[in-house]
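Have a look at the structure below before the remarks.
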Amino acid sequence: MQLMTDYFAILLPLIILQLILLVTAIVHLVRNDRLSQSNKIIWALVIVFVNIIGPIIYLIFGRKED
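Convert by adding 20 to the 1-based position in the sequence shown; the result is the number in this note's numbering.
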């Protein structure tokens, strides 16, 4: 049982980080009026399906189109 709590203690911050990045990137994407609808769909797919790296990629490269 100790092993499970050790893994949980390691995974919980990563899960929280993932959720914060996901929500931040999606909110920015929805509020961004300069992107076309097709670009928004592509970025949304990258953000959602590429897990932790997807939101980071969007926040670095997608925001440059602002």
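Cβ atoms here follow ideal geometry from the backbone N, Cα and C, with glycine treated the same way. Predicted model only: the values in this text are computed from it and were never measured.
For residue j and residue i, the rounded distance between their alpha carbons
i, j, result
"LEU31", "VAL68", "19 Å"
"PHE28", "ARG83", "33 Å"
"SER58", "LEU34", "30 Å"
"ALA45", "ASP26", "30 Å"
"LYS60", "LEU23", "42 Å"
"LEU55", "ILE62", "11 Å"
CB of residue i within 8 Å of CB of residue j, strictly
i, j, result
"ILE76", "LEU41", "yes"
"ALA64", "LEU79", "no"
"ILE72", "LEU39", "no"
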